[in-house]
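Step one of this worksheet: look at the structure below.
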Amino acid sequence: MKIGVIELLAAGCSPTLRQTLEDFLTTKQYASIMPQAVAVWARQLGHEVYYATFYGQGDPKRKLPANLDMVFLSVYTKDCALSYALAKLYRREGTITVIGGPHAKSFPQDCLRFFDLVVTQCDRELVADILGGHYELNSIVSSGRPLTVLPSLEERMPDVRTASFLRGKKPYFASMVPLLASLGCPYTCNFCTDWNNPYSVLPPDQLEADLKYISASYPGVKITFQDPNFAVQFDKTMDVLERVPEGQRNPYIMESSLSVLKAPRMQRLRDTNCFFIAPGVESWTDYSNKAGVGSKTGAAKVQAVAEHLELLQSYVPAIQVNFMFGLDTDSGSEPVELTKEFMSLTPFAWPVLNIPVPFGGTPLHDDYLRDGRILEAMPFSFYYFPYLVTTLKNYDPVTYYQGMLDMLLHYSNRRFWWRRLGTTSSQTLRLLYTVRTLRVKEGIGRFRKILQCLTTDRQFREFHEGGSAVMPEFYHREFERLLGPYAPLVSREERIPDLRAAVPV
Ligand code: SF4
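Put into structure tokens, the structure is as follows:
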């Protein structure tokens with residue numbers, strides 16, 4: 064069969080030249096392993112396979128050839144409306160449509176409105192069964208077993224080149240090659256889709272072979288480990304990384320808990336060429352166990368985390384810290400002030416502020432749904448920053464947006480940007496910080512627009528306070544702006560999500 068595999072990394076076309084450049088430097092590099100694995104498995108099974116990613120450039124429908132027998136789309140929740148529009152077009156052509164990825168796992172019932180098959184858990188056997196026509200169309204399917212084997216990097220390389228290299232041929236300075244060393248996580252953060260995914264290590268020999276392959280074939284190209292929580296088994300993972308001779312180790316990027324990154328371990332991070340770490344701190348009142356600060360909260364936690372990162376920064380050049388603002392444990396101005404203080408203490412660490420999003424299959428989703436706190440008319444396209452899709456326990460929407468704006472303005476002004484550039488001598492990092500600062504400034508513009516609507520439009524505010532079920536026109540216009548020419552394919556009724564999650568909590 065003629066098979067297409069496409070991963071959507073954007074909801075629509077980049078609207079400006081600046082956005083195009085940003086997407087080329089960052090979004091393009093977010094390609095995941097699983098769609099590449101599906102492409103490899105389908106090829107191994109004898110099919111003619113076309114793989115692509117869409118990161119906001121060109122027409123997504125034209126990324127794959129016409130007249131496909133079957134198309135697999137891997138989709139994040141924020142990009143699902145585009146996938147639904149594409150599914151309609153493919154169905155008109157008689158192509159069987161299959162959706163997988165985070166959105167299918169979180170909201171399979173919603174996907175089923177548009178796709179023939181919805182995959183919530185995947186492996187090679189499941190792909191073979193789908194291609195073999197062993198499933199009835201209009202179903203939700205799952206391997207029902209943990210993933211244990213992935214194709215080697217060498218087998219994925221044609222698709223990695225397509226996704227991450229310049230014109231599918233040569234790596235450029237932003238190129239990243241995705242790898243996995245483990246799956247799942249031992250922590251149970253209630254907002255995270257990996258909260259109940261048990262931690263397991265993938266075969267170390269495979270990892271070693273992948274690392275040696277990239278070191279020999281693409282020296283210096285960055286690796287991005289897509290593990291939810293990298294190196295939980297720290298020493299074992301480092302043992303494998305150290306099997307590549309010193310001086311030949313590619314720089315790598317990963318997300319890991321601060322509790323894993325203890326001081327005596329930092330030297331091994333440097334020795335293995337760790338380039339970028341993104342630990343999740345989330346909150347100054349909660350999730351302290353994974354931040355490795357014991358029972359500390361508030362100002363004491365700010366100080367402890369800042370000191371930990373200061374030390375980490377002397378071993379690892381780039382750090383990003385993830386926060387969540389608006390959790391039920393947040394109240395008053397304290398979280399905002401503490402976060403600002405933390406930002407000032409750690410200008411070398413890039414802060415990422417997140418809004419709680421109720422992804423299906425998480426305890427957060429079930430709690431919010433049960434308590435009637437999810438804005439049910441809000442399309443999934445707004446399940447990402449800077450949009451608020453729930454009511455918050457301790458903030459009205461105006462106070463919340465003001466607090467968020469306060470934090471964004473704190474670290475994106477010219478003085479802070481200049482201070483941040485002074486924390487590194489790496490030109491790549493300076494460019495990255497600049498691109499990301501511009502992104503934050505764009506986000507601030509959207510925040511201000513929403514804040515203005517909240518303060519001047521009563522119906523808009525009532526909607527955000529949970530008092531009105533009618534979605535404001537503002538969001539319909541935003542939806543249409545995001546989707547561009549594909550917007551008419553998703554009617555106003557179809558934009559209302561089906562919030563049922565199939566994964567039992
Ligand atoms: S530590 Fe990270 S990966 Fe693990 S459950 Fe929490 S947020 Fe998810």
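Numbering (our numbering), first residue to last: 64 to 568.
Ideal Cβ positions, reconstructed from N, Cα and C, are used throughout, including at glycine.
Since this is a predicted model, take the numbers as computed values, not measurements.
Where residue i and residue j are concerned, what is the direct C-alpha to C-alpha distance, given to the nearest angstrom?
| i | j | result |
| --- | --- | --- |
| F523 | L194 | 46 angstroms |
| P342 | V303 | 22 angstroms |
| N417 | R540 | 23 angstroms |
| Q172 | R187 | 23 angstroms |
| K141 | Y315 | 27 angstroms |
| A105 | Y113 | 10 angstroms |
| L562 | L438 | 10 angstroms |
| S489 | L332 | 18 angstroms |
| V553 | A148 | 6 angstroms |
| P327 | G547 | 51 angstroms |
| A532 | Q92 | 38 angstroms |
| F479 | L492 | 15 angstroms |
| D179 | C337 | 42 angstroms |
| L108 | N457 | 54 angstroms |
| K512 | T519 | 11 angstroms |
| R299 | R544 | Per the sequence presented here, residue 299 reads as Lys, with Arg not at that position. Answer to the nearest angstrom: the Cα atoms are 48 angstroms apart. |
| F297 | K65 | 42 angstroms |
| H200 | G119 | The amino acid occupying residue 200 in the given sequence is Leu; His does not appear at that position. One C-alpha to the other measures close to 30 angstroms. |
| A74 | Q330 | 40 angstroms |
| R558 | L152 | 17 angstroms |
| C255 | G121 | 32 angstroms |
| S407 | S202 | 51 angstroms |
| E156 | Y281 | 40 angstroms |
| S320 | P551 | 43 angstroms |
| P310 | I286 | Going by the sequence as given, residue 310 is Gly instead of Pro. Going by the C-alpha atoms only, they are around 15 angstroms apart. |
| R555 | R521 | 22 angstroms |
| Q465 | M317 | 32 angstroms |
| E111 | E536 | 44 angstroms |
Only counting the same chain, and skipping five residues up and downstream in sequence, which positions put a Cβ closer than 7 angstroms to that of residue i?
| i | result |
| --- | --- |
| P567 | Note that P567 scores 42 on pLDDT, short of 50, meaning its location in the model is unreliable; the coordinates nonetheless yield the value given after this. Closer than 7 angstroms at Cβ, skipping near neighbours: no residue. |
| F445 | V452, Y538 |
| S215 | Q269, A272, D273 |
| D192 | Y198 |
| V498 | E85, L88, T89 |
| E217 | Y276 |
| T360 | W347, T348, S351 |
Residues in its own chain within less than 6 angstroms of residue i by CB, not counting five upstream and five downstream?
| i | result |
| --- | --- |
| V101 | V68, F135, V190 |
| T454 | R436, G529 |
| P98 | V68, E70, S137 |
| M534 | A440 |
| T211 | none |
| C143 | H166, F443 |
| W413 | Q383 |
| V420 | Y446 |
| L484 | R493 |
| Y262 | G247, C248, P249, V295 |
Return the Cβ separation of residue i and residue j in integer angstroms, given the expectation that the two are a contact with Cβ distance under 8 angstroms.
| i | j | result |
| --- | --- | --- |
| L517 | P426 | L517 to P426, Cβ: 28 angstroms. No contact. |
| A367 | V379 | Between V379 and A367 the Cβ distance is about 18 angstroms, and since that is not below 8 angstroms, they are no contact. |
| T402 | F386 | 6 angstroms |
| R219 | V103 | 6 angstroms |
| L375 | I340 | 7 angstroms |
| V295 | S245 | 7 angstroms |
| T116 | A150 | Contact doesn't hold; Cβ gap of about 17 angstroms is too wide. |
| V399 | M301 | Actually they are not in contact, since the Cβ atoms of V399 and M301 sit about 37 angstroms apart, beyond 8 angstroms. |
Going by the beta-carbon positions, is the gap between residue i and residue j smaller than 8 angstroms?
| i | j | result |
| --- | --- | --- |
| P449 | F388 | no |
| V365 | E397 | no |
| L44 | S346 | Any property of residue 44 remains undetermined from this structure, which presents the chain solely from 64 to 568. |
| P241 | Q184 | no |
| S146 | I162 | yes |
| L372 | T409 | yes |
| W353 | S377 | Just to set this straight, residue 353 is Lys in the shown sequence, not Trp. No, Cβ-Cβ distance for K353 and S377 is not below 8 angstroms. |
| T335 | R306 | no |
| L213 | L265 | yes |
| V43 | L175 | The chain is shown from 64 up to 568; residue 43 falls before or after that span and cannot be answered. |
| F542 | T486 | no |
| F170 | P560 | yes |
| L468 | L514 | yes |
If you drop the 5 nearest sequence neighbours on each side, which residues of the same chain put their C-beta closer than 8 angstroms to that of residue i?
| i | result |
| --- | --- |
| Y235 | F228, L229 |
| S475 | T500, V503, K504, I507 |
| W258 | C248, Y250, T251, C252, T425, P426 |
Q: Please list the segments of the alpha helix (DSSP H) lying wholly inside the stretch 236 to 320, counting only runs of 4 or more residues, in order along the chain.
A: 267 to 280, 297 to 304
Q: Note down, one range per segment and in chain order, each beta strand (DSSP E) of at least 3 residues found wholly within the stretch 186 to 216.
A: 202 to 205
Q: At 4 residues or longer, and completely inside the stretch 524 to 567: list those alpha helix (DSSP H) runs for me, N to C.
A: 536 to 546
Q: Give, in chain order, every unbroken run of the beta strand (DSSP E) that is at least 3 residues long and sits entirely within the stretch 110 to 167.
A: 111 to 117, 133 to 138, 159 to 163
Q. Which runs of the alpha helix (DSSP H) fall wholly inside the stretch 425 to 495 and span at least 4 residues, in chain order?
A. 426 to 433, 460 to 475, 477 to 484
Q. What are the start and end residues of each continuous alpha helix (DSSP H) run of 4 or more residues lying completely inside the stretch 349 to 391, in chain order?
A. 361 to 376
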